[in-house]
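A short write-up of the structure that comes next.
So, in structure tokens, the structure goes:
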């Protein structure tokens, strides 16, 4: 189920995102906070970013590009980008 | 067919005895298809069967040939690619010597110079192996 398929609240989108990021990247869910650095927290290398793109598309039906990541440092930045793409 | 066995080395960096693709049958940005006959003296044949590693390499070389073809079509030079990662690998069977396999590759995502592809190889319509692969293309 995607955020666009059923109208989810923004809070629900964030909580779902924390769930699947935590599971996929094997990171404590409590570390996925708006102020934390996305790359360092998830321990992403360049190949992992492709997994992140696939994950976001599969779970939220949002397509991200390489350009999008230039403006992302924290999970907060990441959430804002996803929110703009979802137009929530 | 768009690239024959006789000219495939003009599009891929691999050389004998490690060429694991014969003919590139079709290539668009959305889908590649190739074929490959398993010869008895292939270095990845064991006990009369082409091994999993060979099927994976065949998928990678199908990508190399198709990217090389498309780059040249678009007036660029073929780039070198590397397997970055392999995931969701499923093996259903191995092709015997003298069989001709068909391979279908679908690029699913691109992030900069990294491509995520889905590859499947078939023998007479039955799937042999499927996987996802991240291909890193040098700029």
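Residue numbers (the numbering used here), protein chains in the order written: chain R, 24 to 111; chain Z, 562 to 700.
Virtual Cβ for every residue (Gly too), placed ideally from N, Cα, C.
If you compare the alpha carbons of 102/R, 107/R, 110/R, 106/R with that of residue 57/R, the shortest gap goes to 102/R. Within the same chain, and ignoring the five residues on either side of residue 667/Z in sequence, the residues whose Cβ sits closer than 6 angstroms to its Cβ are 592, 679. Partner residues in the beta bridge of residue 679/Z, as assigned by DSSP, are 667/Z, 693/Z. Take the alpha-carbon of residue 59/R and the one of residue 31/R: they are about 24 angstroms apart. Judged by DSSP secondary structure, residue 629/Z falls within the alpha helix (DSSP H) whose first and last residues are 613-634. Within the same chain, 572, 573, 639 come within 7 angstroms of residue 629/Z by CB-CB distance, once the 5 residues on both sides are set aside.
Between residue 39/R and residue 82/R the beta-carbon gap is near 7 angstroms, inside 8 angstroms, which marks them as a contact. In this structure, DSSP gives residue 589/Z a state outside helix and strand, which the three-state scheme calls coil. In this structure, residue 596/Z and residue 584/Z form a Cβ contact; the two beta carbons are roughly 5 angstroms apart against a cut-off of 8 angstroms. The beta carbon of residue 650/Z lies closer than 6 angstroms to those of 692 in the same chain, with the five residues before and after it left out. A direct Cα-Cα distance of roughly 6 angstroms separates residue 699/Z from residue 642/Z. Using a CB distance cut-off of 7 angstroms, residue 70/R counts as an interface residue toward chain Z. When Cβ-Cβ separations below 7 angstroms define contact, residue 85/R makes no contact with chain Z.
In this structure, 62/R is the residue among 106/R, 62/R, 50/R, 77/R with its C-alpha nearest to the C-alpha of residue 96/R.
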